[in-house]
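Residue numbers (our numbering): 20 to 160. Quick notes on the structure that follows.
Shown next as structure tokens:
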């Protein structure tokens, strides 16, 4: 699947899950995990429920958090001797992408956390996918 096809799939799934009443946290991680072929296990589902509305206080955006989890799966270290650079570089790309697009990655910076509308959520998901695609193209483990 190429980046354009993945982007369209993410957009369609985002719209569908929003219509079904999913909140931003569970929806964002479920969609990104599926798009990047990462099993959406029970533990990831439980974790994703903590993301919604920036943890309830407008902190990190749920979509940003979900992308962070994907980066962790791809580049997380399994022992202390492994290099931190791939993970750090990936997080830098993700942070820079959100900074450029929204001025930051805190939920309260770019949306009323209680009123995330469909269009803004879809755009956030497209931004995360763009960053993740860029990361996969430029960083090797």
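Note that the Cβ used here is the ideal one computed from N, Cα and C, for glycine as well.
Check each candidate in the options and name the one with the smallest Cα separation from residue i.
i	options	result
residue 152	106, 113 and 121	113
residue 86	96, 40 and 109	109
residue 104	67, 150 and 154	154
residue 146	117, 55, 158 and 128	117
residue 61	49, 158 and 21	49
residue 81	96, 28 and 64	64
residue 83	100, 102, 120 and 156	120
How big is the Cα-Cα spacing for residue i and residue j?
i	j	result
residue 140	residue 57	21 Å
residue 122	residue 91	23 Å
residue 51	residue 98	25 Å
residue 54	residue 28	8 Å
residue 33	residue 40	11 Å
residue 158	residue 35	31 Å
residue 21	residue 143	19 Å
residue 66	residue 38	22 Å
residue 70	residue 59	15 Å
residue 89	residue 100	21 Å
residue 111	residue 24	25 Å
residue 128	residue 156	28 Å
residue 47	residue 102	28 Å
residue 96	residue 115	22 Å
Tell me, to the nearest whole angstrom, how far the beta carbon of residue i is from that of residue j; I am working on the premise that it is less than 8 Å.
i	j	result
residue 106	residue 94	4 Å
residue 78	residue 126	6 Å
Can the beta-carbon of residue i be found closer than 8 Å to that of residue j?
i	j	result
residue 30	residue 45	no
residue 150	residue 26	no
Taking 8 Å as the threshold (beta carbon to beta carbon), is residue i in contact with chain D?
i	result
residue 152	Structure shown: chain D not included; a single protein chain is present.
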